[in-house]
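Just so you know, we're using the working numbering here: the sequence shown kicks off at 477 and counts up by one. Here a beta-carbon is modelled for each residue, glycine too, at the ideal position from N, C-alpha and C.
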Amino acid sequence: MRLGQIAQILGWAFLIVAGAMVLPLLDALLGGPDLAAGFAGGLVGAAAVGGLVLVAFRGVTSGVPGRSRRFALAMPVLAFATVPAVAALPLLLSGVAGPGTGYFMMVSAFTTTAATLAPAGQLADPVLLWRAEMAWLGGYAALLMVAAVLSVLNVGGMRLTQSGVIRGESNNLTGTLVHVAAPLAWIYVGFTGIVWVALWVGGAGLRGGLIGAFQAVATAGYPMPGPDGPGTAMTGGAITSAVGPLLLLATFLAGTNLTLLWRMFERATWRVWLRDPEIRGYAGLVFAATGLFAVLLGDGEGGFAGWLARLDRALTHAVAAISTTGLPDAAFLQDRPAVGLLMAVLALTGGCTASTAGGLKVMRVLLLFRQADLELRRLAHPNRVFRLRYAGRAIDRDRDLGGVWQAFLAILGAFSIASLVLSFTGLSYRETVAVVIASVATAGPIAFSIDPGWAGFGDLDGLQRALVCVLMIAGRVEPALIASFFIRRYWQA
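Encoded structure:
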């Protein structure tokens, strides 16, 4: 992949963002013309930037012949860094936010981190819709990245991902992107449409249901606006509402391998989805975490209704944490530090590989535990030959396990370095840990579960926000990819 090809991909991405602005523009026109001019100007500006990039790099494929892998590794980083700048144009032109604040808001949305600077009640409906739509587009971009870049180049052992779409060849990543984009779009749009209709029928309203569908499918933990106006929280924790269980189910499914849905519908059987070891491990972690949360979140409720309410809270916390969605309101966790710790561990674990969730990913965690079990068995039987298998295929120690360890050490290194740097900016130790975990795991609201007394991302200064933007981008594209970019023997292979 050459620099010209990357520029062309970015140009098309800018045009897609421009087209996506039509939805909040229509919402602004219907609700009042105050923000319409800003979104109209942003649409024209984004389309102009995308068109100029495509024209400037039309037919350009020049580059360093031996470094196409390095360009391919740089593509996701450039996409997640530049697209938010274009997406922030409506916020800037309408006066909603300045350049720095607008870029932070869009990086937070596009990386599906959902780190909020202001309560939802302070933002107009078109802005809430645009933020949710950008998170939804970011989730789709994350799926494309896994299917066409990470798994093809085996970044962090990603070649073991059980993909429901054909990925193509590693020597033509542009063609692979084009090849997998259509089936992924059918899966993503179809899933979102089903969730939207379900939320709408469930009482979330037309706009609220659409925003909720965007955010649930993208595992972005923004507070969901209700039918009575922005800021009416519907986080999925109330068993008396039909919206809560629907959001919970949608968020759980969004944390699974979404690409397998294509193969499942293609073959008209659930077995493809249910037999995936990563999905089974994901469901097992949710089940185990629900049991732990049920114990930790107990308030002494008695009777069947009390236990049902406790189970609902426990399941909500488990799904919100492992899907890296988070809960917008965690004030009641002030005297429950164990709950925040468990949510942090689940968020760093993350969802399945081909999902919109962040974190290390369940597949890698399973392989690390299987390797540990294998080493213990070797100690007991040193002369016996053991083989590690995953999803019916033999695991290569160097290519696969080496990549898994690379991903684990990369996320650990990112956490250590980021914590050290942020600690020098004036944040306390607990605030630093909360911000770093939330950013690297792309689970912004998790910060409030770790440190319920924290003032929030809006309390960060300019330097701290810039560092958090870097962390959110690194967490979305995976620290393992950034580490691979600097390993010369990898990208020259």
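Comparing C-alpha positions only, which one of the options sits nearest to residue i?
{"i": "Leu-729", "options": "Ala-830, Val-525, Leu-939, Gly-574", "result": "Ala-830"}
{"i": "Ala-512", "options": "Pro-500, Ala-523, Leu-605", "result": "Pro-500"}
{"i": "Phe-515", "options": "Ala-594, Gly-526, Ala-496", "result": "Ala-496"}
{"i": "Ile-485", "options": "Pro-509, Met-634, Leu-506, Phe-556", "result": "Phe-556"}
{"i": "Val-838", "options": "Thr-637, Met-610, Leu-569", "result": "Thr-637"}
{"i": "Leu-957", "options": "Ser-799, Ser-627, His-793", "result": "Ser-627"}
{"i": "Leu-675", "options": "Met-700, Phe-845, Trp-606", "result": "Met-700"}
{"i": "Val-880", "options": "Pro-955, Ser-544, Leu-569", "result": "Pro-955"}
{"i": "Glu-609", "options": "Ala-548, Gln-940, Thr-695, Gly-835", "result": "Thr-695"}
{"i": "Val-572", "options": "Leu-599, Glu-907, Ala-764", "result": "Leu-599"}
{"i": "Gly-597", "options": "Thr-588, Gly-518, Tyr-698, Leu-530", "result": "Tyr-698"}
{"i": "Leu-569", "options": "Pro-595, Leu-896, Leu-519", "result": "Leu-519"}
{"i": "Ile-913", "options": "Val-677, Trp-930, Ala-894", "result": "Ala-894"}
{"i": "Phe-586", "options": "Val-493, Ala-848, Arg-873, Tyr-758", "result": "Val-493"}
{"i": "Leu-605", "options": "Gly-934, Gly-688, Phe-533", "result": "Gly-688"}
{"i": "Thr-918", "options": "Val-641, Thr-901, Arg-546, Val-946", "result": "Val-946"}
{"i": "Arg-683", "options": "Ala-618, Thr-800, Gly-507", "result": "Gly-507"}
On the three-state DSSP scale, how would you describe residue i?
{"i": "Arg-863", "result": "coil"}
{"i": "Ala-870", "result": "strand"}
{"i": "Pro-928", "result": "coil"}
{"i": "Pro-509", "result": "coil"}
{"i": "Val-912", "result": "helix"}
{"i": "Ala-694", "result": "coil"}
{"i": "Arg-534", "result": "coil"}
{"i": "Ala-674", "result": "helix"}
{"i": "Thr-588", "result": "coil"}
{"i": "Ser-892", "result": "helix"}
{"i": "Leu-903", "result": "coil"}
{"i": "Leu-629", "result": "coil"}
{"i": "Ala-830", "result": "coil"}
{"i": "Thr-652", "result": "helix"}
{"i": "Thr-825", "result": "helix"}
{"i": "Gly-835", "result": "coil"}
{"i": "Leu-791", "result": "helix"}
{"i": "Ala-573", "result": "coil"}
{"i": "Thr-668", "result": "helix"}
{"i": "Leu-613", "result": "helix"}
Do you know how far the Cα of residue j is from the Cα of residue i?
{"i": "Ser-960", "j": "Val-631", "result": "7 Å"}
{"i": "Gly-535", "j": "Gly-685", "result": "43 Å"}
{"i": "Leu-725", "j": "Ala-718", "result": "11 Å"}
{"i": "Thr-716", "j": "Ala-797", "result": "With a pLDDT of only 36 at Thr-716, under the threshold of 50, the placement of this residue in the model should not be trusted; the figure read from the coordinates follows. Each residue's alpha carbon lies about 22 Å from the other."}
{"i": "Val-909", "j": "Met-948", "result": "14 Å"}
{"i": "Ala-590", "j": "Gly-920", "result": "5 Å"}
{"i": "Phe-690", "j": "Leu-723", "result": "11 Å"}
{"i": "Arg-739", "j": "Pro-659", "result": "10 Å"}
{"i": "Ala-449", "j": "Val-656", "result": "Look at the range of the chain in this structure, 477 to 969, and you will see that residue 449 is not part of it."}
{"i": "Val-665", "j": "Pro-602", "result": "21 Å"}
{"i": "Leu-784", "j": "Val-559", "result": "44 Å"}
{"i": "Leu-936", "j": "Thr-592", "result": "11 Å"}
{"i": "Leu-818", "j": "Leu-803", "result": "14 Å"}
{"i": "Leu-772", "j": "Ala-820", "result": "15 Å"}
{"i": "Pro-706", "j": "Phe-962", "result": "Bear in mind that a pLDDT of 40 at Pro-706, under 50, signals an unreliable position, so the model cannot answer this."}
{"i": "Leu-791", "j": "Gly-574", "result": "39 Å"}
{"i": "Met-621", "j": "Ala-814", "result": "34 Å"}
{"i": "Thr-708", "j": "Gln-481", "result": "Residue placement at Thr-708 cannot be trusted, given a pLDDT of 38 that sits under 50; what the coordinates show is reported in the next sentence. Straight-line Cα distance between these residues: approximately 44 Å."}
{"i": "Ala-563", "j": "Arg-786", "result": "40 Å"}
{"i": "Arg-853", "j": "Gly-651", "result": "44 Å"}
{"i": "Arg-789", "j": "Phe-769", "result": "8 Å"}
{"i": "Ala-504", "j": "Val-677", "result": "24 Å"}
{"i": "Trp-746", "j": "Gly-938", "result": "49 Å"}
{"i": "Gly-932", "j": "Phe-862", "result": "49 Å"}
Note the first and the last residue of the continuous alpha helix (DSSP H) segment covering residue i.
{"i": "Arg-812", "result": "Arg-812 -> no alpha helix (DSSP H), and no H or E assigned at all."}
{"i": "Ile-963", "result": "Where Ile-963 is concerned, there is no enclosing alpha helix (DSSP H), given that its DSSP letter is neither H nor E."}
{"i": "Glu-954", "result": "Looking at the DSSP string, Glu-954 is not in any alpha helix (DSSP H), and its letter there is neither H nor E."}
{"i": "Gln-472", "result": "Here the chain covers residues 477 to 969 and nothing more, so residue 472 does not appear."}
{"i": "Pro-921", "result": "Premise fails: Pro-921 is in no alpha helix (DSSP H) and is neither H nor E."}
{"i": "Arg-846", "result": "838-856"}
{"i": "Leu-750", "result": "747-750"}
{"i": "Gly-480", "result": "479-496"}
{"i": "Thr-635", "result": "Checking the sequence shown, residue 635 turns out to be Arg, not Thr. Taken as a continuous stretch (DSSP letters only), Arg-635 belongs to no alpha helix (DSSP H), as it is neither H nor E."}
{"i": "Phe-977", "result": "The question about residue 977 has no answer here: the residues shown for the chain are numbered 477 through 969."}
{"i": "Met-700", "result": "Careful: Met-700 lies outside any alpha helix (DSSP H) and carries neither H nor E."}
{"i": "Thr-727", "result": "719-730"}
{"i": "Ser-544", "result": "544-563"}
{"i": "Thr-766", "result": "753-772"}
{"i": "Leu-736", "result": "736-743"}
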